[in-house]
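S.K.: In our numbering, the protein residues as written are 16 to 104. Below you'll find the structure I mean.
Here it is, written out as structure tokens:
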């Protein structure tokens with residue numbers, strides 16, 4: 016298996032710009048036949064996501080479209096409040 020660290024520029028809390036950067040990294044990973052890409056915990060900025068949010072859905076769709084799993088840290092908002100999470104999509 017081939018793993019990669021996604022060392023790309025983060026745009027802070029600008030989720031749409033971060034999503035584009037993430038997509039570009041996944042395209043490159045797919046070209047290089049990488050099996051898993053890991054991104055830093057603060058890549059998405061300080062935004063909070065729930066499992067039902069649009070942002071969470073967009074992240075899942077990227078994983079589906081590029082068929083390259085990726086791990087990314089974010090703040091998860093759920094019934095128990097907010098906490099740091101690291102999801103693999």
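Cβ atoms here follow ideal geometry from the backbone N, Cα and C, with glycine treated the same way.
Can you tell me where the beta strand (DSSP E) holding residue 70 begins and where it ends?
M.R.: The residue labelled residue 70 in the question sits at position 55 within the chain shown. It is not in any beta strand (DSSP E) - residue 70 instead sits in the alpha helix (DSSP H) that spans 69 to 81.
S.K.: Is the Cβ-Cβ distance between residue 50 and residue 76 less than 8 angstroms?
M.R.: Along the chain shown, read from residue 1 onward, the residue named residue 50 stands at position 35. Along the chain shown, read from residue 1 onward, the residue named residue 76 stands at position 61. Not in contact: residue 50 and residue 76 (Cβ atoms no closer than 8 angstroms).
S.K.: Suppose you measure from the CA of residue 32 to the CA of residue 88; what does that come to, to the nearest Å?
M.R.: Position 17 of the chain shown, counted from the first residue, corresponds to residue 32. Position 73 of the chain shown, counted from the first residue, corresponds to residue 88. Straight-line Cα distance between these residues: approximately 16 angstroms.
S.K.: Would you kindly work out how many angstroms separate the C-alpha atoms of residue 91 and residue 55, rounded to a whole number?
M.R.: In the chain shown, residue 91 corresponds to position 76, counting from 1. In the chain shown, residue 55 corresponds to position 40, counting from 1. Cα to Cα, the separation comes out at about 15 angstroms.
S.K.: Tell me whether residue 20 is buried or exposed, calling it buried when 16 or more other Cβ atoms sit within 10 Å of its Cβ.
M.R.: Against the chain shown, residue 20 aligns to sequence position 5. When all chains shown are included, residue 20 counts as exposed.
S.K.: Under three-state DSSP, which class holds residue 89?
M.R.: Position 74 of the chain shown holds residue 89. Three-state DSSP puts residue 89 in a strand.
S.K.: Which residues in the same chain have their Cβ closer than 7 angstroms to the Cβ of residue 48, if we skip the five residues on either side of it in sequence?
M.R.: As a first step, residue 48 is located in the chain shown; it is residue number 33 there, counting from the start. The answer, listed in chain order, is 17.
S.K.: Measure how close the beta-carbons of residue 83 and residue 41 come, nearest whole angstrom, since I'm counting them as under 8 angstroms.
M.R.: For this step, residue 83 is matched to residue 68 along the chain shown. For this step, residue 41 is matched to residue 26 along the chain shown. Indeed, because the Cβ distance is near 5 angstroms, the residues count as touching under 8 angstroms.
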